[in-house]
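Per my numbering, the very first residue in the first sequence carries number 1; after that it's consecutive.
By construction, the Cβ of each residue, glycine as well, lies at the ideal position given by its N, Cα and C atoms.
Right, one structure below, let's go through it.
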Amino acid sequence: MRSPADNASFASLFAPPHSLTRREASVTLLSLLGRVYCTRENGLDRRMAEEKLPTRAQDFSEWYNQLVLKAQLADYAPVRGCMIVRPYGWALWENMQQALDRRFKATGHQNVAFPLLIPRSFIDKEKHHVEGFSPELAVVTIGGGEKLAEPLVIRPTSETIIGHMWSKWIQSYRDLPVLMNQWNSVVRWELRTKLFLRTLEFYWQEGHTAHATRGEAEIETRQMLDIYADFAVNDAAIPVIPGKKSDAEKFAGADVTYSIEGMMGDGKALQSGTSHFLGQNFAQAFEVKYLDQGGQLQHCWTTSWGLSTRVIGAIIMVHGDDQGLVLPPKLAPYQVVIVPIYKTDEEKSSVIEAARKLKSELVATNVRVTLDGREGPSPGWKFNDWEMRGVPVRVELGPKDVAKSAAVLARRDRPGREGKISSPLRGMPEAIAQLLVEIQQAMHDKALAFRKANTHHAKSYDELKMAVENGFAYSYWCGSADCEAKIKEETRATMRCIPIDQSLGEENAKVDGDGTCVYCGQPAPERAIFARAY
RNA sequence: CGGGGCGUAGCGCAGCCUGGUAGCGCGCCUGCCUUGGGCGCAGGAGGUCCCGAGUUCAAAUCUCGGCGCCCCGACCA
1 MRSPADNASF
11 ASLFAPPHSL
21 TRREASVTLL
31 SLLGRVYCTR
41 ENGLDRRMAE
51 EKLPTRAQDF
61 SEWYNQLVLK
71 AQLADYAPVR
81 GCMIVRPYGW
91 ALWENMQQAL
101 DRRFKATGHQ
111 NVAFPLLIPR
121 SFIDKEKHHV
131 EGFSPELAVV
141 TIGGGEKLAE
151 PLVIRPTSET
161 IIGHMWSKWI
171 QSYRDLPVLM
181 NQWNSVVRWE
191 LRTKLFLRTL
201 EFYWQEGHTA
211 HATRGEAEIE
221 TRQMLDIYAD
231 FAVNDAAIPV
241 IPGKKSDAEK
251 FAGADVTYSI
261 EGMMGDGKAL
271 QSGTSHFLGQ
281 NFAQAFEVKY
291 LDQGGQLQHC
301 WTTSWGLSTR
311 VIGAIIMVHG
321 DDQGLVLPPK
331 LAPYQVVIVP
341 IYKTDEEKSS
351 VIEAARKLKS
361 ELVATNVRVT
371 LDGREGPSPG
381 WKFNDWEMRG
391 VPVRVELGPK
401 DVAKSAAVLA
411 RRDRPGREGK
421 ISSPLRGMPE
431 AIAQLLVEIQ
441 QAMHDKALAF
451 RKANTHHAKS
461 YDELKMAVEN
471 GFAYSYWCGS
481 ADCEAKIKEE
491 TRATMRCIPI
501 DQSLGEENAK
511 VDGDGTCVYC
521 GQPAPERAIF
531 ARAY
């Protein structure tokens with residue numbers, strides 16, 4: 001955890017007269033807050049300080065940073081703003097990839113691979129695209145020791161190079177639609193970075209489609225948004241609000257951008273997937289044209305959509321608690337961990353035998369399971385370790401359990417004794433499978449309840465200001481960029497989206513007719529979510 | 001790019017103000033002992049004190065200049 005002295009920037013806000021040193025100032029501040037921090041003078045506290053995370057209430061940002069490192073999801077790369085995804089984090093991403101890829105394939109998309117390097121001139125071809133992306137491009141100017149005739153940019157996204165190729169491949173209405181996706185990484189030179197949420201390079205999928213008609217492309221855009229929402233809700237257990245972005249927030253080059261927005265554990269919003277209706281903007285810039293049935297040359301209508309490793313950050317921040325990660329069973333690298341407990345060699349052999357048998361039964365029923373056979377750490381240590389790493393179900397198996405052909409099951413989403421039950425070994429794979437389903441549902445319901453509790457239907461500007469302090473404000477907005485900009489300037493909250501479902505999923509919610517803008521009081525047809533965002 | 005903080009063993013830090021033998025905890029290795037909620041004891045290995053210049057008999061410590069990272073703002077998936 002952070003020592004008081006590390007909080008100097010915070011403490012400096014309250015800096016007393018210069019007669020006090022910085023540390024004294026910090027201590028003064030902390031005692032004002034009435035909070036007891038562990039001291040560096042006490043050896044025991046010191047050890048605990050290193051093993052325990054800060055609580056989310058103490059410092060949400062630091063809780064997140066330390067958890068990502070301690071759970072071994074990722075680490076900082078030697079290059080500023082870049083991350084290394086470690087095996088545990090990548091296993092989570094692989095499960096996410098499979099869940100999404102399955103849905104993409106089921107809706108007719110095919111995977112492809114386009115190059116990392118894109119001619120600089122391609123980016124320049126679409127007016128809004130170049131304006132949006134120029135500041136954050138990484139550019140290669142030298143290759144093989146020679147200065148390049150034309151600089152190459154490292155892809156920030158692939159609309160341009162795909163448009164270029166489509167112009168060659170697409171000739172006829174019979175070639176349409178083209179439904180492609182690629183899993184890759186992209187680079188955007190962000191100024192301020194945070195593991196998973198915003199790094200210079202990040203991993204994602206980018207889908208790109210071309211259609212004969214506007215209507216078809218619009219349907220595709222919405223279909224992919226629905227797929228993202230379905231994935232978020234059913235696999236990541238994250239309730240999200242699908243909606244439309246304002247002009248200020250939309251993708252550079254899109255006519256319409258949709259997103260799914262989730263509420264994190266600190267009440268801030270995270271855009272967790274986007275789907276763009278690109279109109280004919282890129283088709284015109286790259287001359288993606290086809291002959292229709294009447295022999296007329298037409299520009300295609302295109303879409304693009306992406307979901308990134310940022311959602312790993314969402315999973316951490318939505319479900320995590322003060323003990324660490326809480327991973328949704330459908331995506332968790334390990335759904336079950338078996339912790340064997342024994343003293344003597346005799347106990348060890350019978351316990352390990354039972355544990356191995358259980359493990360193979362679980363494997364046979366397609367449960368992702370690991371047996372923690374490490375010799376060094378004590379069982380108690382392992383409990384805490386796997387809790388921190390978010391494994392949904394822990395099986396505690398010791399001599400007492402073996403004696404009665406049972407084991408203790410502990411639910412990660414219900415910490416402490418409350419989440420523990422003794423369960424017979426016979427039929428345990430089925431019981432665990434059922435438990436995983438329950439946990440998945442409970443996690444979603446908990447997150448939804450949290451979002452509801454922190455979403456306020458703010459009718460006045462004062463109410464909005466209050467609401468965005470720790471959650472979402474849901475308010476009528478006239479649609480003007482001026483009001484949007486003023487709200488952002490004055491509250492640091494941005495317009496997240498205009499929810500497609502204006503009832504926010506409340507079955508019996510009364511959807512009011514037209515209202516008046518929360519900022520200017522002019523007539524407003526729709527309500528929008530305002531929140532501070534990552 | 002502005003404001004702040006930090007850089008000393010794998011990790012977390014103390015030492016710096018007031019220059020003189022480089023330390024503590026965790027982790028790691030060996031042995032014993034323990035194991036049902038972060039065991040214990042003993043021994044051991046491990047250092048370019050971020051880099052460079054300067055001051056000095058002597059620099060982790062003082063001065064100047066770089067570099068890097070983290071946090072807070074402006075920009076963003």
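Check	Outcome
Would you grab the beta carbon distance between R120 and E150 for me? Rounded to a whole angstrom, and I think it's under 8 Å.	6 Å
Can you tell me the Cα-Cα spacing of C520 and Q182, whole angstroms?	43 Å
Can we count L358 as close to the ligand MG, meaning its CB is less than 7 Å from some heavy atom?	Ligands displayed in this structure: none; no statement on the ligand MG is therefore possible.
For I142 versus V187, is the C-beta spacing smaller than 8 Å?	no
Quick one, are the C-beta atoms of V318 and F383 less than 8 Å apart?	no
Reducing DSSP to helix, strand and coil, say where Y476 ends up.	strand
State the start and end residues of the unbroken alpha helix (DSSP H) segment that holds L448.	M428 to A453
Would you identify the three-state DSSP class for C497, choosing helix, strand or coil?	strand
So, with DSSP's three-state summary, where would you put G273?	strand
What residues in its chain sit with their C-beta under 7 Å from that of T365, if we drop five residues either side in the sequence?	P429 and A433
Using only alpha-carbon positions, find the residue among H456, V326, K465 and G505 that is nearest to M443.	V326
So what does DSSP say about S460, is it helix, strand or coil?	coil
Applying the criterion that 16 or more other CB atoms from any shown protein chain within 10 Å of the CB defines a buried residue, is A528 buried or exposed?	buried
Skipping 5 residues on each side, what residues in its chain have a beta carbon closer than 6 Å to that of I500?	P242 and G243
The beta strand (DSSP E) with D75 in it runs from where to where?	A74 to Y76
When the Cα atoms are used, what is the spatial distance from V112 to Q205?	11 Å
Quick check for students: name the residue ranges of the beta strand (DSSP E) that lie wholly in the stretch 63 to 127, counting only runs of 3 or more.	74 to 76, 83 to 85 and 117 to 119
Does the structure place the stretch 293 to 300 close enough to the stretch 248 to 262 that three or more beta carbon pairs sit under 8 Å?	no
Using the Cβ count rule (16 or more neighbours within 10 Å means buried), how would you classify W386?	buried
Is it buried or exposed, E220, if we count other Cβ atoms within 10 angstroms and call 16 or more buried?	buried
Along the chain, where does the beta strand (DSSP E) that runs through M263 open and close?	V256 to M263
Out of curiosity, what's the CA-to-CA distance linking D514 and H109?	39 Å
Nearest CA to the CA of A354: which residue from I316, R389 and S405?	S405
Indicate the three-state DSSP secondary structure (helix, strand or coil) for V140 in the structure shown.	strand
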